[in-house]
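Colleague: Please read through the structure below; I'll follow up with questions.
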Amino acid sequence: MMETPPPANWMRNVLKLAALYNIVWGAWVILFPELSLRVGGFEDPARYPQLWQCIGMIVGVYGVGYWIAAGDPYRHWLIVLVGFLGKVFGPLGMLAAIFQGDLPATAFITNITNDLIWWIPFAIILWRAIRYEQNKDALTAPAVDFEKALRDVVDQHGKSLRELSRERSLLVLFVRHAGCTFCREALADLEQQRDQIEKAGHHLAVVHMGTDESAQAFFKKYHLSDISRFSDPQQLLYRAFELELGNPSQLFGLRIWWRGFKSAILSGHGFGGLVGNGFRMPGMFIIKDGKILASHKHKDASERPDYVQFSQCTV
Numbered sequence: 009m010m011e012t013p014p015p016a017n018w019m020r021n022v023l024k025l026a027a028l029y030n031i032v033w034g035a036w037v038i039l040f041p042e043l044s045l046r047v048g049g050f051e052d053p054a055r056y057p058q059l060w061q062c063i064g065m066i067v068g069v070y071g072v073g074y075w076i077a078a079g080d081p082y083r084h085w086l087i088v089l090v091g092f093l094g095k096v097f098g099p100l101g102m103l104a105a106i107f108q109g110d111l112p113a114t115a116f117i118t119n120i121t122n123d124l125i126w127w128i129p130f131a132i133i134l135w136r137a138i139r140y141e142q143n144k145d146a147l148t149a150p151a152v153d154f155e156k157a158l159r160d161v162v163d164q165h166g167k168s169l170r171e172l173s174r175e176r177s178l179l180v181l182f183v184r185h186a187g188c189t190f191c192r193e194a195l196a197d198l199e200q201q202r203d204q205i206e207k208a209g210h211h212l213a214v215v216h217m218g219t220d221e222s223a224q225a226f227f228k229k230y231h232l233s234d235i236s237r238f239s240d241p242q243q244l245l246y247r248a249f250e251l252e253l254g255n256p257s258q259l260f261g262l263r264i265w266w267r268g269f270k271s272a273i274l275s276g277h278g279f280g281g282l283v284g285n286g287f288r289m290p291g292m293f294i295i296k297d298g299k300i301l302a303s304h305k306h307k308d309a310s311e312r313p314d315y316v317q318f319s320q321c322t323v
């Protein structure tokens, strides 16, 4: 299944429209600085219209960038990001100047057409482009066969999930990435609940997207060096177990920010850099003899399940 669709025509059209707007607006400001200042809500022409013309030149150059980005919004998403940041910080700076009395309130008219109306389409383009950038290796890879994935991805000892699940029942946790504070929290919970999980008849295994070399110290910190860990940077197992990419509310909702603060700061789990696909959702499964006996896919990135309770589940 295509988890991130290719750039839609509306994205290219929006960027072309933004390009034309910026070029025309920039040319108008350069050629008619005093007139454009009056129409833009400034009561009196600026003392130094050359500075206003310089702003027009910058805006016009942005238009050239948007036209380039329109050719491939996903490839040139950094151009869109720079433009989006300007469209966010520009109005904030204008509001600050208005509240300080340095500029008239009518001057904000310019920000409506220059910035505010582009927020939503630019944000959507950025969201989809970054998802694509994170997931492009998985998108170009061949379709994943469940049985093949269970055989091909091996742990630090060279054993596959298929082999291990024939020997014993496994509780398999899929984490997002080592820098994620919720993943650190999850490993800390596994450390505390491990004895009860094993008493329920399951051995632990964790699937992650980093290299095994980088994971060694990370797992050692939580006294989990001896459990099976599966390095899966190509996300074969993630896709085989149908763990999808998260949506904005699942990854960046208010609950996630609050839980992130509690986990990283108040509980001291901290956070680190992104390793792997930060959009991929976590989940956990109980498997035996290569078959899924129970499954749980996280509702959002911050969900903190009870692993002991789950270890007592079967279908």
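Here the numbering used here runs 8 ahead of the position in the sequence shown, where the first position is 1.
Ideal placement from N, C-alpha and C gives every residue a C-beta, glycine not left out.
Remember, predicted model here, so these are calculated numbers, not experimental data.
Would you say Thr189 and Gly268 are within 8 angstroms of each other, going by their C-beta atoms?
Modeller: yes
Colleague: Bridge partners for Phe279 per DSSP, in chain order?
Modeller: The partner list for Phe279 (beta bridge, DSSP) is empty, contrary to what the question assumes.
Colleague: Starting from Ala196, trace the alpha helix (DSSP H) both ways and give me its first and last residue.
Modeller: Start and end: 189-207.
Colleague: Alpha carbon to alpha carbon, what distance is there between Val96 and Gly291?
Modeller: 35 angstroms
Colleague: What residues in its chain sit with their C-beta under 8 angstroms from that of Ala309, if we drop five residues either side in the sequence?
Modeller: Arg184, Cys188, Phe190, Gly254, Gln258, Leu259, Ile264, Met289, Pro290
Colleague: Could you please give the first and the last residue of the uninterrupted beta strand (DSSP E) stretch that includes Met292?
Modeller: 291-296
Colleague: For the structure I just gave you, are there three or more beta carbon pairs, one from the stretch 15-32 and one from the stretch 72-87, closer than 8 angstroms?
Modeller: Output reads yes: the stretch 72-87 touches the stretch 15-32.
Colleague: Measuring straight from C-alpha to C-alpha, what distance separates Arg192 and Gly276?
Modeller: Cα-Cα distance, rounded: 10 angstroms.
Colleague: Would a C-beta distance cut-off of 8 angstroms place Ser303 and Ile205 closer than the cut-off?
Modeller: Taking the C-beta atoms as reference points, Ile205 is found no nearer than 8 angstroms to Ser303.
Colleague: Out of Arg136, Ile295, Pro41, which has the shortest C-alpha to C-alpha gap to Cys321?
Modeller: Ile295
Colleague: What is the DSSP secondary structure of Phe50, reduced to helix, strand or coil?
Modeller: If DSSP states are grouped into helix, strand and coil, Phe50 belongs with coil.
Colleague: Can you give me the Cβ contacts of His165 inside the same chain, cut-off strictly under 8 angstroms, excluding the 5 residues immediately before and after it?
Modeller: Ser236
Colleague: Taking the alpha-carbon positions, what's the Ala208 to Asp123 distance?
Modeller: Those two C-alpha atoms are separated by around 57 angstroms.
Colleague: What is the DSSP secondary structure of Asn122, reduced to helix, strand or coil?
Modeller: Here Asn122 sits in helix by DSSP.
Colleague: Within 10 Å of its beta-carbon, does Asp153 have 16 or more other beta-carbons around it, so buried, or fewer, so exposed?
Modeller: exposed
Colleague: Apart from the five residues just before and just after Ile133, which ones in its own chain have a Cβ nearer than 6 angstroms to its Cβ?
Modeller: Met19, Pro81, Val88
Colleague: Compare the Cα-Cα distances from Thr121 to each of Gln317, Glu199, Gly48 and report the closest residue.
Modeller: Gly48
Colleague: Can you tell which of Glu311, Gly280, Tyr315, Lys299 has its C-alpha closest to the C-alpha of Glu155?
Modeller: Lys299
Colleague: Of all the options Leu158, Phe287, Thr118, which has the alpha carbon lying nearest to the alpha carbon of Trp60?
Modeller: Ranking Leu158, Phe287, Thr118 by Cα distance to Trp60 puts Thr118 first.
Colleague: Between Leu212 and Leu198, which are expected to be in contact by the criterion C-beta below 8 angstroms, what is the C-beta distance as a whole number of angstroms?
Modeller: 6 angstroms
Colleague: State the CB to CB distance for the pair Phe50 and Pro112, rounded to an integer number of angstroms; the pair is presumed to be in contact (CB under 8 angstroms).
Modeller: 7 angstroms
Colleague: Tell me the DSSP secondary structure of Ile235 in three-state form.
Modeller: coil
Colleague: What is the rounded straight-line gap between the Cα of Val90 and the Cα of Ser233?
Modeller: 42 angstroms
Colleague: Assuming Ser239 contacts Ala186 (C-beta within less than 8 angstroms), just tell me the rounded distance between them.
Modeller: Contact flag wrong, Cβ pair sits at about 11 angstroms.
Colleague: Grouping DSSP H, G and I as helix and E and B as strand, with all else coil, what is Leu259?
Modeller: helix
Colleague: Determine whether the beta carbon atoms of Ile63 and Val32 lie at a separation below 8 angstroms.
Modeller: Result no, Cβ atoms of Ile63 and Val32 do not sit closer than 8 angstroms.
Colleague: Exposed or buried, what is Trp127 when buried is set at 16 or more other beta-carbons lying within 10 Å of its beta-carbon?
Modeller: exposed
Colleague: Based on the DSSP output, what are the partners of Lys305 in its beta bridges?
Modeller: Gly291
Colleague: Tell me which same chain residues have a C-beta within less than 8 angstroms of the C-beta of Ala35, skipping the five on either side of it?
Modeller: Gly64, Gly68
Colleague: Smallest Cα separation from Glu175: which of Glu311, Gly261, Lys167?
Modeller: Checking every option, the nearest Cα to that of Glu175 belongs to Lys167.
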